[in-house]
Structures are given as structure tokens and as C-alpha cells.
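Working notes, structure below.
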Amino acid sequence: MPSILAVKSLSKTYDTGFQALKNVNLEIEKGEVFALLGPNGAGKTTLISIICGIVNMTSGSVTVAGHDILGDFRAARSMIGLVPQELTTDAFETVWATVSFSRGLFGKPKNPALIEKILKDLSLWEKKDSKIMTLSGGMKRRVLIAKALAHEPQILFLDEPTAGVDVELRREMWRVVERLKDTGVTIILTTHYIEEAEEMADRVGVISKGEIILVEEKSELMRKLGRKQLTLQLAEPLDTLPTGLNGHHLELAGDGRELVYTYDTQGERTGITALLQDLGEAGIRFRDLSTSQSSLEEIFVSLVRDNR
Amino acid sequence: MNFHAVAAIYRFEMARTGRTLLQSIVSPVISTSLYFIVFGAAIGSRITEIDGVSYGAFIVPGLIMLSLLTQSLSNASFGIYFPRFTGTIYELLSAPVSYLEIVVSYVGAAATKSLIVGAIILATAGFFVPLRIEHPVFMLLFLILTAITFSLFGFIIGIWADSFEKLQLVPLLIITPLTFLGGSFYSIHMLPPFWQKVTLLNPVVYLVSGFRWSFYGQADVNVGVSLFMTFLFLAICLAIVGWIFKTGYRLKS
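So the sequence lines, in the order shown, correspond to chains W and D.
Using our numbering, the first residue of the first sequence is number 1, and each one after it goes up by one.
Using our numbering, the first residue of the second sequence is number 1001, and each one after it goes up by one.
Written out as C-alpha cells, the structure reads:
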């Protein structure tokens, strides 16, 4: 997959001395949905703001489809649509006027048919002549998405698209993202809902204290998520594993009092029955057993904590 | 050049005027009419002619300038401050528009509005006093240059201000006194010699004087000097705007 966005050695220190980004490197592939996860204040919005031209970078470089965002800002920016985190709208404008304005601002000639389609797709068509201030929060969010899509961007940034949005609307947002992905738009979203990343993303990046600490395929993360550990409390401690059990990839833990077996819940066979059978044949008895599962949330929390 | 963007911003700003018609157009016309009634008709009839021009007619250029300055300032400063205040500036900053295009569209719209107001006041003045315009081309030149310069100045204020209070501060504390003391209502030759010198530090003197010359062929200061000063203010404002965009001052952190 060719990368459509390349961030290289990007750093940002605000005038206050706060270092919001530290040497960030990131490549986004064309057509993917990338979720940037991170706690509040991790640098998600700063990263997006620099790419979109709202904040100046301190050092580094960003290219969009090969166009430098500073040297070739017109080409770079016209490919990008941004849906900001805050519901910042022109309260007195109508939905139609504000979406048409966005298209013009990004240098595109009028295209009422396209705007009509965008508004219909986002269930805003009935409200096209309403002033924005009369709309509900969820509708304002959709207006912002419509504005960002009005110039047919190749890359769409969604900064916390479902923050403060009710469950139903959140699911609707997910469907919107799905449809956009189908049209070939690359989507980068920030969130602190793990569920959201799981639902939508192809790849997940974790940012903490201005550093990208993990970028991985979601399927890879899901594999980790899908792994379970079976822990057997042994009646008698073992010094070494009996040779008859080598085939099970067991680990000895807790001074030989525990046997840990890692297995894949998504596999066809977990191998638990065979393991227990072999244990019985080897004469190993156990007092108790427990299973545990590491969730994406746990992975995320431990990553972020380690980074503190 | 992103013409679609310039057109979009210009239209957006002009539409804003349409929504606030009362505030943008009607209120300056009413206040100017009141000036004519009070100074032109009521008091003016008792004041002798100045340089062969009746007092009512004498104040017309000054009053137009007064409105032009305040309108340009308030239109342009509000136009750029409001998106900063609400946060919608994000879209402007993320759009493929150059700084030149941003300035052309915002300042162009603000200047257009104040020129419309100026024209309406000129027409209103025609109801009260007989008008004579000796140098129409220069009159237009002064009008347009002043509208652009003070719209630029307003744009600068709109970017500098970080509260609505500051937005009002400069027009109220600096521009209003300068315009009232800039010879809108009197010829600076009527001042004591010392104050005649001091008043030359007031930029508005040059604008009003040059503008009045284009009406009646008489000026407090040489029209060439007026024209030079007008261009100088324009250049200063352009330089400041250039610096603002180069540094991202108050726009980008």
C-alpha cells in the first residue's frame, strides 16, 4: 500500500515551553482507517492541527501524497478535510450556506448536486435551510462532517468524532465512516474510546505524552486480545517440566507452583482437553485453575502507564 | 490564486452585512443625518462661510471620512475577530488559501461595505446642502484608498484583539478622537499656531484635507502631501499585515 501521509521527525514545543510532540514518525496508507488512541493531552489534536495547517511545527516534515504541507500547501491542504473536536460553527448561517462556503473556500467550483448528496447521506437534507444554532449537538457534528466533505477530500481527519455523542448517534457515525471508507477516502480519527477503534480502524496507533508508542494492525491487536491464559495452581511444585508436556508450550511460573498455558480463543482448537489429559497421564495434580484475557484496553492502559 | 475561496469569503462577509443591515447601513446614515441637522442646518446657519464654502457643505467631506474610517475599522476588525472568537477560524487556516487571498477577501469585503456607506452618506448629504465635486477622480481615489487602508487597520485590530473589549478600545480611544480633531468640523487654520503644528501629527488631517480638496478645491495641507500620506498609511498597514502572516501572530501557535 502506498502511503498517503508521511510524518517525519515531527516535534512541537509551544511558546509556553510545553513539548506537545516529540519526534513523531507516522505513515498512513491510502484508503485505511487509522485510529489514534491516547489519553487527554497526549498530543492527538496537536498532531492533527499541524498536519492541517492550524498549528506551526517546531521541526520535522509532513507530506500529503508527496506534497509538503508548507512548501506545497495548496495541493496538500486541498486533499484534506478536517472535522474538529469542538462544535465550532457559524451560528447564524444556514446548513446549506455553510457547506457551500466550505467547498468554495477549498477552491472548488459550485456543485449543488454533490452538496445535496452529502447532506442527504448525513441525514441533514431536511435541515438545509435551518440556521445552525437551531440544530442539536449531534446535527452540528454532522454539519461539520458535511463541511469537511464538501470539497471531496482524499483524507478525512475526525478529531474525537463521537465525544459527547449518544450511543445511537455514535453507531450512526461509525456507519458514516464505513461508507466513506468504501468510497476510498483515507480516514484518521482520534478517540479515547477503545471500542471505537475496534469497531472502525484498520490500524491503531497509541500516542502518549507526545510520543507514538505503538502502531499496529488492529487484527494483530485483536489477536493479542483474543489470547487467553490458563493458569494451573499445582498441588506439588515442579522444578522442570516433564518431557511429556513439551509439545504444549507451557511456562512454569510462581516458583514452580503454577503452569501457564497460552491459547488462542479464535483458533479451531484451544488444546485444553489434550493438555489436561497429558497432565493427568504425567501425574501432575492441580489445586485450582483460572483463565484471564488481556483486552485492548488493558494493553492500552499498561502502555500508557509504562510511558509515564 | 484560489478565486473560489476569495469569492466564497467575500460573499460570506457581504451576506453578514445583509443580515445586519440595520447595524451596518442604516445606523451610520441616521447618525450622519443627525450631524447635518445639528451642525449643518441648526448651528451651521449661524457660522460664517469657511474658505468660501458654507459650513453645512464644508463638513460633508469630513463626515463621509468619519463614517468611512469607523465603518472600515469596525467591519474589518469584527469580520476577522468573530471567527477567532467562535473558533471557526480553523477552517480558514486549514484551507488552501494564501495569506494574500485571506487579506484580499476580508479587507475587500470590509472596504466595499464602507464605500457603500460612504456613497449613501454622500447622497444623504445632497438632501441637506448643495454639493459640488471639483475633482471626482481624486475623490474616488481618496475614498477607495482610505477604505482599504482603514479596513487593513481594522483587520490588524481584529487579529490583535483577544476580547471584545479590546476590539472596541482602539476605535473608541484612538480613532474617534483623531477623527474629531482631524479637521472634520473645522479648518485647521482656525486653530492657534501651536496646535496647527501639533495637529499635523494626526493622520486623519491629511485624509480629510485631501478629500475636502477633491470637493471644493481647497485644502488645509497640500494635496500632494495628503496623497503621499494616504499611500504611506496604506504601506504601513500592509507591512504590519505581512508581518502578522509571516509570524502567524495570534493566528497560529
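Here a beta-carbon is modelled for each residue, glycine too, at the ideal position from N, C-alpha and C.
Source: prediction; values computed, not measured.
Delimiting residues of the beta strand (DSSP E) encompassing residue i
i       : result
D/E1091 : That residue, D/E1091, is in no beta strand (DSSP E); its alpha helix (DSSP H) goes I1089 to S1094.
W/L189  : T186 to T191
D/Q1168 : No beta strand (DSSP E) holds D/Q1168; the alpha helix (DSSP H) holding it covers F1164 to V1170.
W/Y263  : E258 to D264
D/L977  : Residue 977 of chain D lies beyond the residue range present for chain D, which begins at 1001 and ends at 1253; the question has no answer from this structure.
W/L28   : With the sequence shown as reference, residue 28 of chain W is identified as Ile, and Leu is not the correct amino acid for it. It spans Q19 to E29 - the beta strand (DSSP E) in which W/I28 sits, taken as one unbroken run.
W/G81   : I80 to V83
W/D271  : The sequence shown places Gly at residue 271 of chain W, rather than the Asp named in the question. Here W/G271 belongs to no beta strand (DSSP E), and DSSP marks it neither H nor E.
D/T1146 : Careful: D/T1146 lies outside any beta strand (DSSP E), inside the alpha helix (DSSP H) at P1136 to W1160.
W/V7    : S3 to T13
W/L230  : R227 to L234
W/I212  : E211 to E217
W/G205  : R203 to S208
D/S1184 : Element bounds for D/S1184: n/a, residue is neither H nor E.
D/E1101 : First-last for D/E1101: Y1099 to F1128, but that is the alpha helix (DSSP H), not the beta strand (DSSP E).
Endpoints, the alpha helix (DSSP H) within which residue i is located
i       : result
W/R179  : V167 to D182
W/R103  : V95 to L105
W/G38   : Looking at the DSSP string, W/G38 is not in any alpha helix (DSSP H), and its letter there is neither H nor E.
W/Q154  : Segment: none, W/Q154 is in no alpha helix (DSSP H) and carries neither H nor E.
W/V284  : One point to set straight first is that residue 284 of chain W is Ile, not Val, in the sequence displayed. Element bounds for W/I284: n/a, residue is neither H nor E.
D/V1029 : S1027 to Y1035
D/L1066 : Y1055 to T1086
D/Q1196 : P1193 to V1198
W/E199  : I194 to M200
W/E116  : P112 to D121
D/E1013 : F1003 to R1019
Whole-angstrom distance between residue j and residue i, CA atom to CA atom
i       : j       : result
D/E1156 : D/K1252 : The identity of residue 1156 of chain D in the sequence shown is Ile, whereas the question assumes Glu. Answer to the nearest angstrom: the Cα atoms are 15 Å apart.
W/L276  : W/S302  : 32 Å
D/I1025 : W/V143  : 31 Å
W/T231  : W/R74   : 58 Å
W/G38   : W/S123  : 30 Å
W/G244  : W/I284  : 11 Å
D/L1021 : W/A201  : 49 Å
D/I1080 : W/G267  : 60 Å
W/E251  : W/L26   : 36 Å
D/F1231 : W/M57   : 36 Å
W/V55   : D/D1162 : 18 Å
W/D182  : W/Q229  : 37 Å
D/H1004 : W/G104  : 5 Å
D/I1175 : W/L36   : 50 Å
D/S1027 : W/M79   : 43 Å
D/P1203 : D/V1223 : 14 Å
D/E1091 : W/M222  : 36 Å
W/I51   : W/V62   : 7 Å
D/P1083 : D/T1017 : 15 Å
D/L1172 : W/K110  : 41 Å
D/S1045 : D/M1014 : 39 Å
W/P242  : W/R203  : 41 Å
W/L279  : W/D288  : 14 Å
D/I1148 : D/L1201 : 21 Å
D/F1233 : W/V206  : 52 Å
D/Q1023 : D/T1070 : 13 Å
D/Y1186 : D/L1207 : 14 Å
Whole-number beta carbon distance between residue j and residue i, since they are thought to touch under 8 Å
i       : j       : result
W/G138  : W/V165  : 6 Å
W/Q85   : W/D159  : 4 Å
W/T89   : W/I145  : The pair is not a contact, with the Cβ atoms about 12 Å apart (cut-off 8 Å).
D/V1029 : D/I1120 : 5 Å
D/S1114 : D/S1151 : 7 Å
D/A1041 : D/F1127 : Not really, about 11 Å apart at Cβ, beyond 8 Å.
D/T1124 : D/S1033 : 6 Å
Proximal chain B residues relative to residue i, where beta-carbon distance stays under 8 Å
i     : result
W/S78 : In the structure shown, chain B does not exist; the protein chains are W and D.
Notebook entry, point to check: Is it a yes or a no for the segment 164-181 of chain W touching the segment 5-17 of chain W, going by three-plus beta-carbon pairs under 8 Å?
Noted result: no
Does the structure place the segment 1081-1097 of chain D close enough to the segment 1043-1054 of chain D that three or more beta carbon pairs sit under 8 Å? no
With three or more beta-carbon pairs closer than 8 Å as the criterion, would you say the segment 1210-1217 of chain D touches the segment 1054-1070 of chain D? Below 8 Å, enough C-beta pairs join the segment 1210-1217 of chain D and the segment 1054-1070 of chain D to call them touching: three or more.
Margin query: To be precise: take each residue of the segment 41-57 of chain W, compare its Cβ to all Cβ atoms of chain D, and keep it if any distance is under 7 Å. Which residues remain?
Written below: C52, G53, I54, V55 and N56
Practice prompt. Count the CB pairs spanning the segment 1237-1250 of chain D and the segment 36-49 of chain W that are closer than 8 Å, and state whether there are at least three.
Written response: No: fewer than three Cβ pairs fall under 8 Å.
Exercise. Tell me, please, whether the segment 200-218 of chain W touches the segment 58-66 of chain W by the rule of three or more beta-carbon pairs shorter than 8 Å.
Key: no
ask   = Touching or not, the segment 119-137 of chain W and the segment 84-103 of chain W, by the rule of three or more beta carbon pairs under 8 Å?
value = yes
>> If contact is defined by three or more beta carbon pairs under 8 Å, each pair taking one atom from either stretch, is the segment 191-206 of chain W in contact with the segment 252-260 of chain W?
In response: no
### Query
Looking at C-beta atoms only, is the number of pairs between the segment 1185-1198 of chain D and the segment 1109-1119 of chain D that lie closer than 8 Å three or more?
no
Using Cβ-Cβ distances below 8 Å, what residues of the segment 112-142 of chain W are close to chain D?
-> none
* With contact counted as at least three CB pairs below 8 Å, one residue from each stretch, are the segment 1074-1088 of chain D and the segment 1121-1136 of chain D in contact? -> no
Exercise for the section: Please name the residues in the segment 1051-1066 of chain D whose beta-carbon is closer than 8 Å to at least one beta-carbon of chain W, in chain order. Expected result: none
Check your understanding: Taking a cut of 8 Å between CB atoms, which residues from the segment 1241-1252 of chain D lie near chain W?
Key -> Hits within the stretch, in order: G1248 and K1252.
Assess contact between the segment 1007-1016 of chain D and the segment 99-118 of chain W, defined as three or more Cβ pairs (one per stretch) separated by less than 8 Å. Is contact present?
yes
Using a Cβ cut-off of 8 Å, which residues of the segment 78-92 of chain W contact any Cβ in chain D, in chain order? Of all residues in the segment 78-92 of chain W, S78, I80, L82, P84, E86, T88, T89, D90, A91 and F92 have a Cβ within less than 8 Å of some Cβ in chain D.
By the 8 Å beta-carbon criterion, what residues does the segment 3-35 of chain W contribute toward chain D?
Y14 and D15
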